[in-house]
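Numbering (this note's numbering), first residue to last: 4 to 149. Below: the structure, in structure tokens.
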């Protein structure tokens, strides 16, 4: 395929991912607000899912196409980028308050990184059991913040 077409497809795909995530976040947040779900729960779940939906789509597609490096790199890279670049850039523009209520969530985020490392370090592969453990851990986390 011609490089120009590939660049156009990349740009269109990126725009669609961004716009789709935006619509997902707006719609989900609006519905959640109507049901009286607390804002921090919306931010930690619905909005997080909306902003991660494009990553999930890319990672699942990469996994189905047996491109495991893209799957893991996408998730790990995104977390590093969000924590270091997005928070770093935001806080250089304006001080970003860190509510004490997010300490637990920050600990969970760090523990999730450790869980990923523990599940993958020995055989350099994430097996089905590790996926189940991660999904169960998320369910426990979700129940804890509710």
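Glycine is no exception: its CB is placed at the ideal position from the N, C-alpha and C atoms.
Option nearest residue i by Cα separation, candidates the options
i	options	result
residue 24	117, 51 and 123	51
residue 78	62, 67, 89 and 86	62
residue 118	138, 102, 99 and 100	138
residue 66	130, 101 and 90	130
residue 107	14, 144 and 35	144
Through-space distance from residue j to residue i, alpha-carbon basis
i	j	result
residue 22	residue 49	16 Å
residue 128	residue 74	12 Å
residue 37	residue 43	15 Å
residue 70	residue 64	9 Å
residue 19	residue 29	15 Å
residue 16	residue 4	16 Å
residue 6	residue 101	44 Å
residue 90	residue 80	14 Å
residue 54	residue 86	14 Å
residue 142	residue 96	35 Å
residue 115	residue 83	13 Å
residue 133	residue 104	29 Å
residue 92	residue 126	36 Å
C-beta atoms of residue i and residue j nearer than 7 Å
i	j	result
residue 27	residue 59	no
residue 32	residue 45	yes
residue 124	residue 47	no
Cβ distance (whole Å) where residue i is taken to contact residue j below 8 Å
i	j	result
residue 136	residue 122	7 Å
Report yes or no: do the segment 108-117 and the segment 6-13 share at least 3 C-beta pairs separated by less than 8 Å? no
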